[in-house]
Amino acid sequence: MNSVPEPAEDDRPLNQPETVTLEPGERATVAYETKQRTGGGFVLPILAISKHPESVYKATVDDSEVIYPESAVPPTDIDDKAITFAPAYSFSQSLTCEVTNLSDARRRYTVQPIGFEKTGGGE
Numbered sequence: 001m002n003s004v005p006e007p008a009e010d011d012r013p014l015n016q017p018e019t020v021t022l023e024p025g026e027r028a029t030v031a032y033e034t035k036q037r038t039g040g041g042f043v044l045p046i047l048a049i050s051k052h053p054e055s056v057y058k059a060t061v062d063d064s065e066v067i068y069p070e071s072a073v074p075p076t077d078i079d080d081k082a083i084t085f086a087p088a089y090s091f092s093q094s095l096t097c098e099v100t101n102l103s104d105a106r107r108r109y110t111v112q113p114i115g116f117e118k119t120g121g122g123e
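Numbering (full-length UniProt numbering), first residue to last: 1 to 123.
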């Protein structure tokens, strides 16, 4: 079994870090949408988010399927970038990541999904 499938030659890489700064008690939502309306969706083996104590992390795909339930630890830290999902998650339209800062300090979080978007041409 290949837990991280090979992209087709014309698939598009997904590696779009987004950084947010959160005040104490604030929550941020970072969303990624498919670029191709007729493509095959996303393949996501790695979801990295900055790791901080007193934080909550959650990830949802296609507006309803929770792939990473609320947790005090991120799927993997942006300094590690270990494979998070084996087999890699495949989904159709969108990835939404939520980060909540429960500390008393201002913090910066980076959300970095790493995978690819299928264009449909290699299938």
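By construction, the Cβ of each residue, glycine as well, lies at the ideal position given by its N, Cα and C atoms.
Note that the structure is predicted; figures quoted are calculated from it, not measured.
Helix, strand or coil: which one does DSSP assign to residue 28?
-> Here residue 28 sits in strand by DSSP.
Beta strand (DSSP E) segment containing residue 83, residue limits = Neither: residue 83 is in no beta strand (DSSP E) and is coded neither H nor E.
Residue 103: first and last residue of the uninterrupted beta strand (DSSP E) it sits in | Boundaries for residue 103: no beta strand (DSSP E) harbours it, and the DSSP string shows neither H nor E there.
Under the three-state DSSP convention, the category residue 40 falls into | Reduced to three states, the DSSP call for residue 40 is coil.
Can you tell me the Cα-Cα spacing of residue 108 and residue 47, whole angstroms?
-> Spanning the two alpha carbons is a distance of roughly 17 angstroms.
Output the boundary residues of the beta strand (DSSP E) element that contains residue 71.
-> Taken as a continuous stretch (DSSP letters only), the beta strand (DSSP E) holding residue 71 covers 65-71.
If you check the beta carbons only, do residue 45 and residue 88 fall under 8 angstroms apart?
-> Their beta carbons are under 8 angstroms apart, which means residue 45 touches residue 88 by this criterion.
Going by DSSP, name the residue or residues bridged to residue 18.
-> DSSP output for residue 18 lists 111 as bridge partner(s).
Select from 14, 9, 103 and 96 the residue whose C-alpha is nearest the C-alpha of residue 69.
-> The shortest C-alpha separation from residue 69 is found at 96.
If you follow the beta strand (DSSP E) that residue 56 is part of, which residue opens it and which one closes it?
-> Secondary structure note for residue 56: its beta strand (DSSP E) is the uninterrupted segment 55-61.
By Cβ distance below 7 angstroms, which residues in the same chain neighbour residue 4 in space, the five residues on each side in sequence not counted?
-> Cβ-Cβ distances below 7 angstroms link residue 4 to 45, 83 and 88 in the same chain, with the five nearest sequence neighbours on each side left out; the list follows chain order.
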